[in-house]
Amino acid sequence: MHMRVRRYNPEVSGEATWDDYHLTMYGTDRVLDALHKVKWEIDGSLSFRRSCAHGVCGSDAMRINGRNRLACKTLLKDLDTSKPITVEPIKGLPVEKDLIVDMEPFFQSYREVMPFLINKGHEPTRERLQSAEDRERFDDTTKCILCAACTSSCPVFWTDGQYFGPAAIVNAHRFIFDSRDDAGDMRLEILNDKEGVWRCRTTFNCSEACPRGIQVTQAIQEVKQAILSRKI
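The letter at position 224 of the sequence shown is residue 224 when you use UniProt numbering, and the numbering goes up by one with no holes.
Next comes the structure, spelled out in structure tokens:
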């Protein structure tokens, strides 16, 4: 197989380049396996993030053949290996080296929506119970692994780095609709901002990019509806 990797080293050059690698791989190998082969056997300077290698940590999100994917979940047999497979860093975030981007702007937006349970009053003396129906209301958005595949596929985020982005809104949704949480109005106020949910243009890129199958665009629309309902 022929793999083309976008390389960037700020200590060497201010311009990104493409390096080509010809590898012998199996169809059941993943793109992550191909990157490991390059790093371990051909060019040890190749830099990329990975951790669990099982689609749970979300650290190896990258653009593969122009689409945001997890390298550890992308099988070579699912790609057209008759043509070069291109691998690039995700868009919209500063590239630090090769396939590694600076995730701090992404996590800053995540922190601003207060992605944790907030309750009023004293600590409970027993477990806070929740019905299956109440849990189902936000179950989809609990699946987020913070890989940034959705946010970095958003054309609004590419052009406006101040936009909260789909991932932050998804994680706000997870708590806004949690019956045990008391800070929903606070989060809705945060997202009712010029850089909040109203910047979404409903292109569905985020939903298509999510490796966990979260209906991201739907979650954003539900937050919009919650803001409007609160104002009525």
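Glycine included, each C-beta is placed from N, C-alpha and C at the ideal position.
These numbers were taken from a predicted model, which means no experiment stands behind them.
1. Between residue 95 and the rest of its own chain, which residues show a CB-CB distance below 7 Å, the 5 nearest in sequence each way excluded?
2. Using only the alpha-carbon positions, how far apart do residue 232 and residue 222 sit?
3. Report the rounded CA-to-CA distance for residue 148 versus residue 125, giving the unit in angstroms.
4. Please state the DSSP three-state secondary structure of residue 86.
5. Rounded to a whole number of angstroms, what is the C-alpha to C-alpha distance between residue 181 and residue 30?
6. Pick out the complete alpha helix (DSSP H) segments inside the stretch 141 to 187, 4 residues or longer, and give them in chain order.
7. Could you tell me which residues DSSP pairs with residue 122 in its beta bridges?
8. Buried or exposed for residue 220, going by 16 or more other Cβ atoms inside 10 Å?
9. Only counting runs of 4 or more residues, tell me where the alpha helix (DSSP H) segments fall wholly within the stretch 22 to 51, in order along the chain.
10. When burial is assigned at 16 or more other CB atoms within 10 Å of the CB, is residue 171 buried or exposed?
11. Let me know if residue 206 comes out buried or exposed under the rule of 16 or more other beta-carbons within 10 Å of its beta-carbon.
12. Return the Cβ separation of residue 209 and residue 153 in integer angstroms, given the expectation that the two are a contact with Cβ distance under 8 Å.
Looking at the coordinates:
1. 8, 89, 101
2. Its pLDDT being 41, under 50, residue 232 is placed unreliably by the model, and nothing is read from it.
3. 37 Å
4. strand
5. 40 Å
6. 155 to 159, 166 to 176
7. Answer is none; residue 122 lacks a bridge partner.
8. buried
9. 31 to 37
10. buried
11. buried
12. 4 Å
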